[in-house]
Each structure stands twice: as structure tokens, then as C-alpha cells.
DNA sequence: TCAACGTTTCGGCGCAGGCCGAAGCGTGGG
DNA sequence: CCCACGCTTCGGCCTGCGCCGAAACGTTGA
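This is the structure:
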């Protein structure tokens with residue numbers, strides 16, 4: 092009886108947060124925030140396809156539950172995912188959403204762009220993310236076995252040279268190199284501080300360009316060259332597996 | 092516009108599965124199945140605190156969405172989580188559920204047992220799971236850095252001697268050693284094939300005993316001795332951190 | 001063959017919650 | 001100083017869905 096009560100309590104807590112994500116409008120807002128950037132309430136209302144008052148209610152619930160954090164800036168209010176844990180939960184739900192009995196996938200061009208390269212909260216995902224992880228593994232800069240990994244000493248030097256300092260900031264507060272299950276490719280890519288640093292540096296170098304309308308990122312000409320020369324990325328990384 | 096449609100589509104897919112988990116009754120059923128064992132529809136109705144007809148409807152929905160798989164056996168129907176992905180999604184939602192602003196936790200004795208040692212789908216969690224991961228790391232049988240890990244060659248030999256064969260079965264189909272975020276301790280324990288093998292072998296040796304009413308597992312006298320001798324588990328592993 | 005049991009289907013009740021329009025703040029620009 | 005703008009609060013509508021009782025179906029055991 093007591094065991095049941097304990098189960099019921101934990102189940103209710105799970106249900107509360109799952110129900111928040113379980114509304115299509117809120118899910119679309121959260122999906123829009125998976126790009127890692129903060130968006131205003133108005134932008135999120137647009138992404139959800141609803142009026143401003145309704146969006147405000149949804150955002151208040153998400154913020155109160157701790158899924159979103161708010162930042163006032165003038166007469167705008169910027170909302171962002173409050174932690175990488177939220178993004179991870181969204182990703183794991185995405186993985187489940189793909190495994191259903193429905194198999195038909197009318198892949199559009201936009202969808203294809205997302206599969207090629209996109210941001211996953213604050214790091215890279217898609218075929219580019221996986222190809223980078225493979226290349227770093229081949230050069231033994233990260234040690235990946237069965238989908239998990241750690242940074243080698245040589246890797247640490249390599250990343251520092253590339254411009255990613257893994258020791259700065261909140262050391263130990265966040266996993267350095269985490270494996271994140273890729274929604275479209277069903278393999279793991281690099282997350283954690285390392286994944287975030289690689290994305291930031293690639294953007295700063297002009298190797299990647301964000302798409303203002305979606306999570307997709309484009310690889311620039313310098314990026315193609317740089318990823319091939321510095322990381323040893325194969326030329327056919329865009330090809331579907 | 093197309094980008095939005097793509098976002099809306101993905102958001103709706105996420106919302107569909109999240110809404111399934113987002114009902115308290117269904118969440119409690121899923122939590123009951125987190126023990127890894129298959130339960131009958133009647134047992135699940137009892138766990139959810141509802142009548143048999145209502146439970147049947149919930150279970151049909153969960154099965155159709157691919158979250159549960161069914162097995163007919165006489166006049167019983169056994170339901171189980173259809174994959175470890177479902178368990179992982181539940182765990183990540185649990186982690187989110189704990190981070191809310193609500194901080195009060197009236198920890199009961201049953202809850203305490205769950206925090207000490209429990210199953211997480213098919214592997215060990217709680218303080219025991221974390222202590223085992225720590226001990227294996229100290230002996231360099233697994234390599235854990237920043238919450239992720241891999242099995243070392245010495246570890247492979249050690250686990251084979253212990254009775255866990257990591258090469259058999261569906262090799263490569265499932266990650267060998269995955270890091271799973273612990274709901275109660277906020278640290279990582281061992282999952283994947285290695286975690287599942289350790290739990291199975293410990294149960295077979297009589298070191299652990301399942302609790303028929305909850306996910307909690309008890310450590311037997313032989314288990315205390317064995318974990319200390321073979322794994323080098325410290326005696327005070329039960330102490331809260 | 002019949003009765004008991006576990007499970008599912010059906011029909012109807014009731015409420016939680018998503019949605020909007022109108023109105024009420026607070027901020028920034030003219 | 002006032003208006004325009006972004007956002008929130010309030011009130012009311014309405015759909016969706018979780019719930020149960022009654023009844024049907026299939027299996028097991030006598």
C-alpha cells in the first residue's frame with residue numbers, strides 16, 4: 092500500500108511535466124527553443140500558431156514548472172530552455188515518437204536539411220554531428236566505445252588548438268563530453284561542454300551559419316574546407332547512411 | 092513557412108507521445124513497469140488505481156503508440172515496456188520532475204528503500220548502483236570520465252569471471268555500457284548491456300532480491316559480503332551522500 | 001457443458017483545460 | 001507627454017478525454 096503510494100507520487104510528478112510537453116502548442120514552442128536561442132513571447136506565439144494571450148498562459152506554466160527561464164529586456168520577454176536536461180528529455184521523446192507503427196515519411200527538402208545538419212540545443216546533430224564524432228574517434232581525440240566516450244589527452248590539446256577551451260567556465264558543473272542520441276540518425280553525437288564548444292567555435296569561424304527560421308545549420312565553403320582539413324571529415328558526409 | 096510546418100509536425104509527434112505519458116494514471120502504470128517485468132492488465136489497473144475497463148483503454152493506447160508490447164498468455168495479457176528507449180524517456184522526465192521549484196520532500200521509509208537500491212528498467216539504480224559504478228571505476232574495470240564510460244580490457248576479463256558475458260547475444264545492437272542519470276542521486280550509474288548483465292547475475296547469485304511490490308531491491312547477506320569482496324564496495328554505501 | 005474469471009467494447013457522464021476577445025499594465029519612441 | 005507596442009490578466013465558450021457500469025468475448029477449470 093505504501094509502495095503504491097510512493098509509485099503514485101512519482102508517477103504524478105512525471106505526468107505533470109509530461110503533460111506540459113504533451114500539448115501540441117507547447118511542444119511546438121519547446122521545439123522552436125531547441126535551437127538553443129532565446130525567443131520572445133510573440134515569436135513563440137507565432138511558432139505555436141496561437142494568439143498572444145494563449146501563448147502567455149502556456150509560457151507561464153512552462154516557466155513555473157522550471158522548463159523555461161525568462162529574461163526581461165525592455166518590453167520584450169525572452170524565453171529559453173532552462174537547462175540541457177530539458178533538451179535531453181525532448182530528444183528522448185523525439186526518439187520515441189519515431190518508433191511508432193507509423194512508418195511513412197514524406198521527406199521534404201526542409202526535412203532533408205534538418206537531417207543533414209542541425210543544432211540540438213547547444214551542440215551539433217544530424218549527419219554532420221555524427222560524421223564529426225566519427226572523425227574525432229578515428230583520430231583518437233575522443234574515445235568512443237558503444238556510444239559513449241571521453242576526451243583523450245591528445246584530444247584536449249587538439250581542441251585547445253582549435254579554439255575550444257574545455258577547462259574554463261563552470262568546470263565540473265556540466266559533463267564534458269556526453270553522448271546524445273540522434274533523433275534522425277539513431278546514433279550518438281557529441282554533446283556536453285565539448286559539443287557546445289565545437290558548435291560555438293565553428294559558428295565564430297564562419298564554418299557554419301544558422302538558419303533563422305529553423306534548427307538547420309548550413310556548412311559554408313570555408314566550413315567544408317576546414318572540417319575536411321582540420322578534422323579529416325570525409326567528403327561524402329552528407330550522404331545518407 | 093515550410094520550416095514552420097516542419098517544426099509543427101515534429102512538435103505534434105512529440106506532443107502525442109508526451110501526452111500519453113502525461114496522464115497520471117498512465118504514468119503510474121509506466122512507472123510500475125519500470126521494474127522491467129511484465130505485468131497483467133489487472134495488476135496495472137491496480138497500480139493506476141482505476142477500474143479494469145479504464146485500464147484496458149489506456150493500455151491499448153500505449154501499445155498502439157509502441158510504448159508497450161503485449162503478450163497473450165492464457166486469459167492474461169502481459170504488458171511490458173517495449174524498449175529501453177521508453178525507460179530512458181521516463182528517466183529523463185523524472186530528472187526534470189525533480190528540478191521544479193517545489194523542494195519539500197516528505198521522505199517515507201519506502202521512498203528511502205527506493206533511494207538505496209532499485210531497478211531502473213533492467214539495471215541497478217540508487218545509491219547501490221552509483222556505489223558499484225564508483226567501485227568499478229576505482230579498479231579501472233570501467234573508464235568513467237565526466238559521467239560517461241567504457242569497459243577496459245581488464246574489466247572485460249573481470250566481468251567474464253563474474254559471470255557476465257558481454258560478447259554474447261545481439262552484439263552491437265545495444266550499447267554495451269551506457270551512463271544513465273540517476274533520478275534520486277543526480278549522478279550516473281551503469282546501464283546498457285553491462286548494467287543489465289550485472290543485475291541479472293547478482294539476482295542469479297542470490298546477492299539481490301526483488302521486492303514484488305515495487306522497484307526496490309534488497310541486498311542479501313551474501314550480497315553484502317560478495318559486493319564487498321569481489322567489487323570492493325565500501326561498507327557505508329548505504330549512507331546518503 | 002457450464003460457471004468463474006480476466007479482459008475488452010460500448011454508451012454516457014462530467015470536468016479539466018485550451019482557446020479567444022476585451023481590457024489592463026509597463027516600456028520605449030516620437 | 002502621449003501614443004504605440006509587447007505582454008499579461010480576466011471572463012466565458014467549448015471540445016476532448018478520463019472515468020465508470022453494463023454487457024460481450026475468450027479462456028480455464030470443474
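Chains as they are written, first to last, in this note's numbering: chain S, 92 to 332; chain A, 92 to 332.
Just so it is clear, CB atoms sit at the ideal spot from N, CA and C, and this is done for glycine as well.
Here the structure is a predicted model, which is why all the values come from computation and not from measurement.
Have a look at residue 334(A) and residue 321(S) and give me their C-alpha separation to the nearest angstrom. Any question about residue 334(A) goes unanswered here, given that chain A covers just 92 to 332.
Could you tell me whether any Cβ in chain A is nearer than 8 Å to the Cβ of residue 172(S)? Here residue 172(S) refers to the residue found at position 81 of the first chain. Residue 172(S) has a beta carbon lying at 8 Å or more from every beta carbon in chain A.
In the DSSP assignment, what are the bridge partners of residue 131(A)? Numbered from 1 along the second chain, position 40 holds the residue referred to as residue 131(A). As computed with DSSP, residue 131(A) is found in a beta bridge with 169(A).
Residue 258(S) lies in the beta strand (DSSP E); which residues open and close that run? As a first step, residue 258(S) must be located in the first chain, where it is residue number 167. DSSP places residue 258(S) in no beta strand (DSSP E); its state is neither H nor E.
Determine the extent of the alpha helix (DSSP H) in which residue 149(S) is found, giving its start and end residues. Here the question's residue 149(S) lines up with position 58 in the first chain. From DSSP, the alpha helix (DSSP H) with residue 149(S) extends over 143–155.
How close, in whole Å, do the beta carbons of residue 217(A) and residue 281(A) come, if the pair is a contact with beta carbons under 8 Å? For the purposes of this step, residue 217(A) is taken as residue 126 along the second chain, with counting starting at 1. For the purposes of this step, residue 281(A) is taken as residue 190 along the second chain, with counting starting at 1. Under the criterion of beta carbons closer than 8 Å, residue 217(A) and residue 281(A) do not qualify as touching, at roughly 12 Å.
Determine the burial state of residue 286(A): buried for a count of at least 16 other Cβ atoms within 10 Å of its Cβ, exposed for fewer. For the purposes of this step, residue 286(A) is taken as the residue at position 195 of the second chain. When all chains shown are included, residue 286(A) counts as buried.
Option nearest residue 279(A) by Cα separation, candidates 123(A), 188(A) and 227(A): As a working note, residue 279(A) is residue 188 in the second chain. Here the closest residue by C-alpha is 227(A).
If distances are taken between C-alpha atoms only, which option among 324(A), 307(A) and 215(A) comes closest to residue 315(A)? Along the second chain, one-based indexing puts residue 315(A) at 224. Of 324(A), 307(A) and 215(A), the smallest CA-CA separation from residue 315(A) is found for 324(A).
Counting only beta-carbon separations shorter than 8 Å, does residue 221(A) have a partner in chain S? Within the second chain, numbered from 1, the residue matching residue 221(A) stands at position 130. With respect to chain S, the C-beta atom of residue 221(A) has no partner C-beta closer than 8 Å.
Can a CB atom of chain A be found closer than 8 Å to the CB of residue 244(S)? Along the first chain, one-based indexing puts residue 244(S) at 153. No, because no Cβ of chain A sits closer than 8 Å to the Cβ of residue 244(S).
When DSSP labels each residue in this structure, what does residue 209(A) get in the three-state scheme? As a first step, residue 209(A) must be located in the second chain, where it is residue number 118. In this structure, DSSP gives residue 209(A) an extended state, which the three-state scheme calls strand.
Would residue 160(S) pass as an interface residue toward chain A - the criterion being a Cβ-Cβ separation below 8 Å? Taking the first residue of the first chain as position 1, residue 160(S) is located at position 69. It does not: the Cβ of residue 160(S) has no partner Cβ on chain A nearer than 8 Å.
Does the beta carbon of residue 142(A) sit closer than 8 Å to a beta carbon anywhere in chain S? Counting from one through the second chain, the residue named residue 142(A) turns up at place 51. Taking Cβ atoms only, chain S never reaches closer than 8 Å to residue 142(A), which makes this a no.
Give me the Cα-Cα distance between residue 252(A) and residue 300(A), rounded to the nearest whole angstrom. Start at 1 with the first residue of the second chain, and residue 252(A) comes out as number 161. Start at 1 with the first residue of the second chain, and residue 300(A) comes out as number 209. So the alpha carbons of these two residues sit roughly 22 Å apart.
Step through the CB atoms of chain A and report whether any lies within less than 8 Å of the CB of residue 187(S). As a first step, residue 187(S) must be located in the first chain, where it is residue number 96. Closer than 8 Å: yes.
Listed by chain order, chain S residues near residue 114(A) by CB distance under 9 Å: On the second chain, residue 114(A) is found 23 positions in, with the first residue counted as 1. Here the neighbours are 106, 109, 110 and 113.
Would you give the residue range spanned by the alpha helix (DSSP H) that residue 216(S) belongs to? Mapped onto the first chain, residue 216(S) falls at position 125. It is not in any alpha helix (DSSP H) - residue 216(S) instead sits in the beta strand (DSSP E) that spans 214–216.
Beta strand (DSSP E) segment containing residue 282(A), residue limits: Here the question's residue 282(A) lines up with position 191 in the second chain. According to the DSSP assignment, residue 282(A) belongs to the beta strand (DSSP E) that extends over 279–282.
Using a Cβ-Cβ distance under 8 Å, would residue 102(A) count as near chain S? Within the second chain, residue 102(A) is the residue found at index 11, counting from 1. Interface residue (Cβ-Cβ distance to chain S less than 8 Å): residue 102(A) is classified as such.
DSSP-derived helix/strand/coil call for residue 320(S): Here residue 320(S) refers to the residue found at position 229 when the first chain is read from its first residue. If DSSP states are grouped into helix, strand and coil, residue 320(S) belongs with the helices.
In whole angstroms, what separates the C-alpha of residue 326(A) from that of residue 207(A)? Residue mapping note: residue 326(A) aligns to position 235 of the second chain, counting from 1. Residue mapping note: residue 207(A) aligns to position 116 of the second chain, counting from 1. For residue 326(A) and residue 207(A), the distance between alpha carbons rounds to 13 Å.
At least three beta-carbon pairs within less than 8 Å, the segment 147–159 of chain A to the segment 118–132 of chain S: The count of Cβ pairs closer than 8 Å, one atom from the segment 147–159 of chain A and one from the segment 118–132 of chain S, stays below three, leaving the stretches out of contact.
Opposing strand residues paired with residue 164(A) [DSSP bridges]: By 1-based counting over the second chain, the position of residue 164(A) is 73. Looking at the DSSP output, residue 164(A) sits in a beta bridge with 167(A).
Note down the Cα distance separating residue 222(S) from residue 121(S), rounded to an integer number of angstroms. Here residue 222(S) refers to the residue found at position 131 when the first chain is read from its first residue. Here residue 121(S) refers to the residue found at position 30 when the first chain is read from its first residue. For residue 222(S) and residue 121(S), the distance between alpha carbons rounds to 27 Å.
Going by beta carbon distance, what residues of the same chain come within less than 7 Å of residue 153(S), once the five residues before and after it are set aside? As a first step, residue 153(S) must be located in the first chain, where it is residue number 62. Counting only Cβ-Cβ distances below 7 Å, and skipping sequence neighbours, we find 111, 117 and 159.
Mind checking residue 258(S): buried by the 16 CB within 10 Å criterion, or exposed? Residue mapping note: residue 258(S) aligns to position 167 of the first chain, counting from 1. Only exposed fits residue 258(S), as fewer than 16 other CB atoms lie within 10 angstroms of its CB.
Should residue 177(S) be flagged as near chain A, meaning a C-beta pair shorter than 8 Å? Within the first chain, numbered from 1, the residue matching residue 177(S) stands at position 86. By this cut-off, residue 177(S) is an interface position.
Work out the CA separation of residue 114(A) and residue 176(A) for me, nearest whole Å. Here residue 176(A) is taken as the residue at index 85 of the second chain, counted from 1. Here residue 114(A) is taken as the residue at index 23 of the second chain, counted from 1. Cα to Cα, the separation comes out at about 19 Å.
Given a threshold of 16 other Cβ atoms within 10 Å of its Cβ, counted over all protein chains shown, does residue 234(A) qualify as buried or as exposed? For this step, residue 234(A) is matched to residue 143 along the second chain. By the 10 Å Cβ count, residue 234(A) comes out buried.
Grouping DSSP H, G and I as helix and E and B as strand, with all else coil, what is residue 138(A)? Looking up residue 138(A) in the second chain gives position 47. Residue state, collapsed to three classes: helix.
For residue 315(S), three-class secondary structure by DSSP: For the purposes of this step, residue 315(S) is taken as the residue at position 224 of the first chain. Here residue 315(S) sits in helix by DSSP.
If contacts are defined as beta-carbon pairs under 8 Å, then residue 211(A) and residue 178(A) qualify, I think. What distance do you get, rounded to the angstrom? For the purposes of this step, residue 211(A) is identified with residue 120 of the second chain, where counting begins at 1. For the purposes of this step, residue 178(A) is identified with residue 87 of the second chain, where counting begins at 1. So it is a contact: roughly 7 Å between Cβ atoms.
Is the distance from the Cβ of residue 317(A) to the Cβ of residue 290(A) below 8 Å? The count along the second chain starts at 1 and reaches residue 317(A) at position 226. The count along the second chain starts at 1 and reaches residue 290(A) at position 199. Taking 8 Å as the Cβ cut-off, residue 317(A) and residue 290(A) do not qualify as a contacting pair.
Which residues in chain S have a C-beta closer than 9 Å to the C-beta of residue 149(A)? List them in chain order. Within the second chain, numbered from 1, the residue matching residue 149(A) stands at position 58. Correct list: empty, because the minimum Cβ distance to chain S is about 12 Å.
Alpha-carbon to alpha-carbon, residue 139(S) and residue 124(A): Locating residue 124(A) in the second chain gives position 33, where the first residue counts as 1. Locating residue 139(S) in the first chain gives position 48, where the first residue counts as 1. Whole-angstrom Cα-Cα distance: 34 Å.
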